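Residue numbers (UniProt numbering): 1 to 231.
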């Protein structure tokens with residue numbers, strides 16, 4: 001484990017302690033004394049000083065706080081370092097990016113929302129508001145607005161259906177465009193109902209004039225036989 005970074009302490013603490021507790025599980029470290037010693041050791045000088053400051057304020061009948069009480073105290077300490085008003089402003093500014101899936105957008109919203117001091121209910125409501133206002137699809141916005149009591153889970157279901165359908169339709173349309181590139185449509189060059197194309201051979205005895213249909217309009221045309229006329 002690396003030392004706790006001093007920039008953006010709230011997020012740094014959250015990421016760092018989650019990593020530390022994964023290590024506790026992986027190496028089967030269950031004793032409070034060992035856990036506390038490890039976070040003091042690996043957390044660096046700054047974290048050790050913070051833990052010393054918090055120690056007297058932790059209510060306990062023991063000489064040393066339990067790991068759980070120290071963890072709660074540290075969580076509260078670092079959460080106070082966050083400007084909730086500014087974090088909520090950042091949350092409201094998050095918009096869905098072009099080509100971004102709704103699932104990924106909701107993940108970004110939930111990550112930022114964790115810094116805003118929302119409770120679970122209010123965070124879900126805030127996510128719904130952002131989805132409706134800041135999504136990239138007008139069709140999905142209308143679909144969200146049709147729901148009288150929409151939840152985040154319901155919104156994700158709507159988005160998944162829409163995004164899957166759009167992706168499938170695009171693939172089909174691209175396939176049709178590729179087929180049409182090599183398709184040539186032709187009309188009969190002679191007025192006829194049989195849809196065939198005719199080739200005419202003109203001899204010296206024929207009149208080099210023929211009636212052909214151009215866009216359903218009869219037109220008389222002189223046909224060049226390729227034979228030079230003598231003077």
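Don't be surprised by glycine CBs; every beta carbon is placed ideally from N, CA and C. Treat the numbers as computed from the prediction; the structure is a model and nothing was measured.
So residue i packs on residue j, CB below 8 Å; how close in whole Å?
{"i": "residue 58", "j": "residue 37", "result": "Between residue 37 and residue 58 the Cβ distance is about 16 Å, and since that is not below 8 Å, they are no contact."}
Would residue i count as contacting chain D if we go by Cβ distances under 8 Å?
{"i": "residue 143", "result": "Annotation note: the requested chain D is absent from the structure, which comprises a single protein chain."}
Can you give me the Cβ contacts of residue i inside the same chain, cut-off strictly under 7 Å, excluding the 5 residues immediately before and after it?
{"i": "residue 84", "result": "116 and 117"}
{"i": "residue 136", "result": "96 and 98"}
{"i": "residue 145", "result": "132"}
If you drop the 5 nearest sequence neighbours on each side, which residues of the same chain put their C-beta closer than 8 Å to that of residue i?
{"i": "residue 50", "result": "74 and 77"}
{"i": "residue 64", "result": "32, 33 and 36"}
{"i": "residue 161", "result": "none"}
Distance check for residue j and residue i, CA to CA, integer angstroms please.
{"i": "residue 25", "j": "residue 103", "result": "29 Å"}
{"i": "residue 34", "j": "residue 41", "result": "10 Å"}
{"i": "residue 119", "j": "residue 138", "result": "29 Å"}
{"i": "residue 31", "j": "residue 53", "result": "22 Å"}
{"i": "residue 143", "j": "residue 156", "result": "11 Å"}
{"i": "residue 130", "j": "residue 99", "result": "17 Å"}
{"i": "residue 163", "j": "residue 121", "result": "26 Å"}
{"i": "residue 23", "j": "residue 132", "result": "40 Å"}
{"i": "residue 149", "j": "residue 90", "result": "26 Å"}
{"i": "residue 12", "j": "residue 79", "result": "11 Å"}
{"i": "residue 169", "j": "residue 141", "result": "20 Å"}
{"i": "residue 171", "j": "residue 27", "result": "49 Å"}
{"i": "residue 86", "j": "residue 21", "result": "29 Å"}
{"i": "residue 39", "j": "residue 175", "result": "58 Å"}
Please name the residue in the options whose C-alpha comes closest to that of residue i.
{"i": "residue 29", "options": "44, 53, 67 and 13", "result": "67"}
{"i": "residue 88", "options": "164, 112 and 54", "result": "112"}
{"i": "residue 125", "options": "220, 137, 92 and 96", "result": "92"}
{"i": "residue 128", "options": "100, 158 and 99", "result": "158"}
{"i": "residue 14", "options": "143, 71, 163 and 160", "result": "71"}
{"i": "residue 10", "options": "27, 140, 170 and 47", "result": "47"}
{"i": "residue 101", "options": "166, 45, 151 and 121", "result": "166"}
{"i": "residue 151", "options": "97, 23 and 123", "result": "123"}
{"i": "residue 94", "options": "174, 147, 44 and 109", "result": "109"}
{"i": "residue 43", "options": "65, 19, 56 and 64", "result": "19"}
{"i": "residue 82", "options": "170, 114, 175 and 64", "result": "114"}
{"i": "residue 153", "options": "170, 107 and 173", "result": "107"}
For residue i, report the span of its alpha helix (DSSP H) as first-last.
{"i": "residue 120", "result": "120–134"}
{"i": "residue 75", "result": "67–79"}
{"i": "residue 272", "result": "With the chain covering 1 to 231 only, the question about residue 272 has no answer from this structure."}
{"i": "residue 145", "result": "138–146"}
{"i": "residue 10", "result": "9–26"}
{"i": "residue 277", "result": "Limits of the chain in this structure are 1 at one end and 231 at the other, which puts residue 277 out of reach."}
{"i": "residue 85", "result": "84–93"}
Once you ignore the five residues that flank residue i on each side, which residues in its own chain have a CB closer than 6 Å to its CB?
{"i": "residue 134", "result": "95 and 96"}
{"i": "residue 147", "result": "none"}
{"i": "residue 105", "result": "96"}
{"i": "residue 55", "result": "none"}
{"i": "residue 173", "result": "none"}
{"i": "residue 214", "result": "none"}
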